[in-house]
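Structure record follows, encoded as C-alpha cells.
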Amino acid sequence: MTQDLRAPSFMERYQLCRVDNKYYPNFNVTVKYASSINSTVLAHAVHNIIVKNPLLGCNYFRTTEGDDHNDYRNYSIRPINIKFDDLISVRSEPEETYINDEFFTDLNKIHFDINETKPLWKVILNGSYVTIVCSHIYFDGNSGCFFHKDLLEELKELESIEDSLVPLEYIVKAAEITSVPPPVDATTTLYSLPIWQTVKNVFKLVVAPAWFKPPTKLPLFKTTPIVVDQINHFKVIHIDPTTLKSILAHVKSLNTTLTPWLIAITFSSFSKLHPNNSFDATIPLNGRRYTPADKYQVVVAESTVTLDPPFDIESTTSAIKTQLSAELESRDPFNRVALLKYVNIGNFADQRIGTHARHTMEISNVGKLPVPQCWFSQGCGFSAHLQLNVASSEDGMDIVFAYVDEVKKDFEEFINNFHKEIDNITHTAT
Numbered sequence: 019m020t021q022d023l024r025a026p027s028f029m030e031r032y033q034l035c036r037v038d039n040k041y042y043p044n045f046n047v048t049v050k051y052a053s054s055i056n057s058t059v060l061a062h063a064v065h066n067i068i069v070k071n072p073l074l075g076c077n078y079f080r081t082t083e084g085d086d087h088n089d090y091r092n093y094s095i096r097p098i099n100i101k102f103d104d105l106i107s108v109r110s111e112p113e114e115t116y117i118n119d120e121f122f123t124d125l126n127k128i129h130f131d132i133n134e135t136k137p138l139w140k141v142i143l144n145g146s147y148v149t150i151v152c153s154h155i156y157f158d159g160n161s162g163c164f165f166h167k168d169l170l171e172e173l174k175e176l177e178s179i180e181d182s183l184v185p186l187e188y189i190v191k192a193a194e195i196t197s198v199p200p201p202v203d204a205t206t207t208l209y210s211l212p213i214w215q216t217v218k219n220v221f222k223l224v225v226a227p228a229w230f231k232p233p234t235k236l237p238l239f240k241t242t243p244i245v246v247d248q249i250n251h252f253k254v255i256h257i258d259p260t261t262l263k264s265i266l267a268h269v270k271s272l273n274t275t276l277t278p279w280l281i282a283i284t285f286s287s288f289s290k291l292h293p294n295n296s297f298d299a300t301i302p303l304n305g306r307r308y309t310p311a312d313k314y315q316v317v318v319a320e321s322t323v324t325l326d327p328p329f330d331i332e333s334t335t336s337a338i339k340t341q342l343s344a345e346l347e348s349r350d351p352f353n354r355v356a357l358l359k360y361v362n363i364g365n366f367a368d369q370r371i372g373t374h375a376r377h378t379m380e381i382s383n384v385g386k387l388p389v390p391q392c393w394f395s396q397g398c399g400f401s402a403h404l405q406l407n408v409a410s411s412e413d414g415m416d417i418v419f420a421y422v423d424e425v426k427k428d429f430e431e432f433i434n435n436f437h438k439e440i441d442n443i444t445h446t447a448t
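Residues in the sequence shown are numbered from 19 upward in steps of one, following the working numbering.
Put into C-alpha cells, the structure is as follows:
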C-alpha cells in the first residue's frame, strides 16, 4: 500500500526540479578510514543510520498529472525498499592510486531519479575508502559530513558483534519507515519572510538591477551562456598539515577566516589571466549555525561577493569578510531563498538556461572531519565557472577544483598561480 508521509518543502521542490531535469547531478564526500571496512558491517551500519534518519529511506513520487508538475507541488515523500545492490557498490581497486582527478570526474556522472523505488544516494566502498554520493534533495554538504560522522559511530557500536553479522539483501524495507521529520521551514523561522526584509530583497533582486549602474567598474567575467549537461573537469590538490598550519596562522594574523582568503587568492590567481574583468564569488552558508535543524535536510543559503581588480590579497580578503559577516548577522540570504515559496520553481530554474548568470567561482568549505583524509566534490552546475570544494582532515586539507570547459585553456596557468600564492605563505612562515 502506498504511504504518503508528507509533501515536499519549498527547498525540496527546488531540488526536485534540479534532479528531475538533470541540472545538477550530485555532490559527494569521500573519506579514508583508519582501516578497511567489511561490506556486511557497512550494510548494517547504514541500516542503523537510515532507521534513525528515516528520510534517507525515501524517494519523492508524483501524486497527480496536473498542470502544476513543473512547480513540484504534486509530489509526496514515500518510503521504499532499498536493496543492498541499489545502495552500496563494492570495489577492489588499488588504494594507492584510487583518489585522482578521474575519480571525481566519474562521480560527477552519477544521476539519481525521482518517481523510482530506488534511493536518492549511494555508497561506494573500496577497502578503507567510503564515498557517499548524494542527490541534493535532502542532503547539503554538511549532511554528507554528518553521514560519515554517523558512520564512524555506528561502526564503533558494531565492533563487538561484527563476526555474527549476516549479509543483508535489503538495507531497509519501507515498512520500517512510518514517518519523516517535518521540513526545516516548518520548524524554524530561518526561512521566514518578514515584511521589511522581503520588500528589501525584492528591490535588490528585481528593481535595483534595472535602475542602477552595475556594482563594478569593469565587466564581470563571463564565457558562454548556461546549458544543461555542461562539461566539467576536475583537479584535486592536497595541502599537507605543516603547510595548512602556516596558512591558518597567516589567515589568523589577518583577522579573518580561511574561506575569504581562499577566495582572495583565487581572484588574484585568475586575474593574471583576465586582468580587465571583475569577478564574483558565491559562498554557501550553513543555516545550522542558527538552528539545530535535522541533519539530513538542506539548510543553506548563499552570499555573493562582487569585486573589481586589483585583487590585493589582504584588502580583498578583508572586503569579502566584511560582507560575509554582515550577511551572516542579518540572515538576509536566508530570507532571499525563502522567496522561492512564491515563484514557480520550474520556470525560475529554466530561466537561467541561455543566460550569463554563472558566477566566476563558488567555494564550498565543509570544514574538518575527524578522519585520516577527506574529499568533498561537486561539479559547477549552473552556479559557477570555477568550483572550489574544500575539506580538512587529520592529514591536512584537500581541495577538489571543478571547472567548466570554457576555462579549460586557463586552468593550468591559474593553478600554477594558485600554488605560488600558497608557497608565498610557507616561505614567509619559514
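Note that the Cβ used here is the ideal one computed from N, Cα and C, for glycine as well.
Rounded C-alpha distance that separates residue i from residue j
i: Ala-402; j: Asp-119; result: 19 Å
i: Phe-230; j: Thr-123; result: Here Phe-230 scores only 49 on pLDDT, less than 50, and its place in the model should not be relied on; the value that follows carries that caveat. Going by the C-alpha atoms only, they are around 41 Å apart.
i: Ser-182; j: Pro-137; result: 27 Å
i: Asn-10; j: Pro-327; result: As displayed, the chain neither begins before 19 nor continues past 448, which places residue 10 out of reach and without an answer.
i: Thr-444; j: Phe-366; result: 45 Å
i: Phe-436; j: Thr-284; result: 6 Å
i: Asp-413; j: Asp-368; result: 41 Å
i: Ala-356; j: Val-418; result: 30 Å
i: Leu-266; j: Met-29; result: 34 Å
i: Thr-378; j: Ser-296; result: 9 Å
i: Phe-400; j: Leu-34; result: 15 Å
i: Ser-333; j: Ser-271; result: 13 Å
i: Glu-172; j: Val-254; result: 29 Å
i: Ser-411; j: Phe-121; result: 19 Å
i: Ile-67; j: Leu-60; result: 11 Å
i: Leu-208; j: Ser-110; result: 44 Å
i: Gly-372; j: Ile-433; result: 28 Å
i: Val-175; j: Ala-63; result: First, the residue type needs correcting, since residue 175 is Glu and not Val in the sequence shown. Going from the Cα of Glu-175 to the Cα of Ala-63 covers about 9 Å.
i: Ile-98; j: Lys-386; result: 33 Å
i: Tyr-147; j: Lys-50; result: 5 Å
i: Pro-112; j: Ala-193; result: 39 Å
i: Glu-83; j: Thr-261; result: 56 Å
i: Ile-150; j: Lys-438; result: 33 Å
i: Arg-370; j: Val-317; result: 23 Å
i: Leu-291; j: Glu-430; result: 11 Å
i: Pro-293; j: Pro-278; result: 20 Å
i: Ile-117; j: Leu-211; result: 44 Å
i: Thr-324; j: Asn-273; result: 21 Å
i: Leu-74; j: Val-108; result: 20 Å
i: Arg-36; j: Trp-139; result: 15 Å
Contact check, residue i vs residue j, beta carbons under 7 Å
i: Phe-288; j: Ala-420; result: no
i: Val-269; j: Leu-280; result: no
i: Ser-27; j: Asp-203; result: yes
i: Asn-303; j: Ala-282; result: Here the sequence assigns Leu to residue 303, which means Asn is not the residue at that position. No.
i: Asp-428; j: Ile-249; result: no
i: Pro-72; j: Val-198; result: yes
i: Asn-383; j: Val-361; result: no
i: Tyr-314; j: Tyr-156; result: yes
i: Cys-152; j: Asn-44; result: yes
i: Leu-105; j: Asn-46; result: no
i: Ser-321; j: Ile-301; result: yes
i: Thr-58; j: Trp-393; result: no
Spatially closest choice to residue i from the options, by CA coordinates
i: Leu-23; options: Pro-200, Thr-378, Ser-411, Tyr-188; result: Pro-200
i: Thr-242; options: Phe-394, Ser-333, His-374; result: His-374
i: His-129; options: Gly-397, Arg-306, Lys-339; result: Gly-397
i: Leu-170; options: Val-425, Ser-54, His-256; result: Ser-54
i: Asn-442; options: Val-384, Ile-331, Ile-338, Thr-335; result: Ile-331
i: Ile-95; options: Pro-237, Ser-110, Gln-21, Asp-258; result: Gln-21
i: Arg-80; options: Leu-73, Tyr-90, Val-108; result: Tyr-90
i: Thr-115; options: Gly-145, Thr-135, Leu-105; result: Gly-145
i: Pro-310; options: Asn-99, Val-108, Phe-165, Thr-205; result: Thr-205
i: Gln-391; options: Glu-83, Val-64, Asp-416; result: Asp-416
i: Asp-258; options: Asn-99, Asn-44, Ile-440; result: Ile-440
i: His-87; options: Lys-50, Thr-335, Ile-363; result: Ile-363
i: Leu-143; options: Ser-210, Thr-135, Asn-56; result: Asn-56
i: Ala-52; options: Ile-100, His-166, His-292; result: His-166
i: Asp-38; options: His-65, Lys-290, His-154, Gly-162; result: His-154
i: Asp-350; options: Pro-233, Gly-305, Asp-312, Ala-337; result: Gly-305
i: Asp-298; options: Arg-307, Tyr-308, Ile-338, Asn-273; result: Ile-338
i: Thr-446; options: Lys-235, Ser-264, Ser-395, Tyr-308; result: Ser-264
i: Tyr-93; options: Ala-25, Lys-127, Val-108; result: Ala-25
i: Asp-312; options: Tyr-42, His-65, Phe-164, Lys-40; result: Phe-164
Cβ of residue i within 7 Å of any chain B Cβ
i: Ser-153; result: Any reference to chain B falls outside this structure, which holds one protein chain only.
*Within the region 169 to 197, ranges of the beta strand (DSSP E) (whole runs, at least 3 residues)*: 188 to 190
*Any chance you could list the alpha helix (DSSP H) runs of at least 4 consecutive residues sitting entirely within the region 343 to 426, in chain order?*
350 to 355, 363 to 368
*Which full runs of the beta strand (DSSP E) of 3+ residues lie inside the region 45 to 122, going along the chain?*
45 to 50, 76 to 80, 93 to 97, 106 to 108
*Three or more beta-carbon pairs under 8 Å between the region 340 to 356 and the region 185 to 197, yes or no?*
no
*What beta strand (DSSP E) runs, 3 residues minimum, are completely inside the region 243 to 295?*
250 to 257
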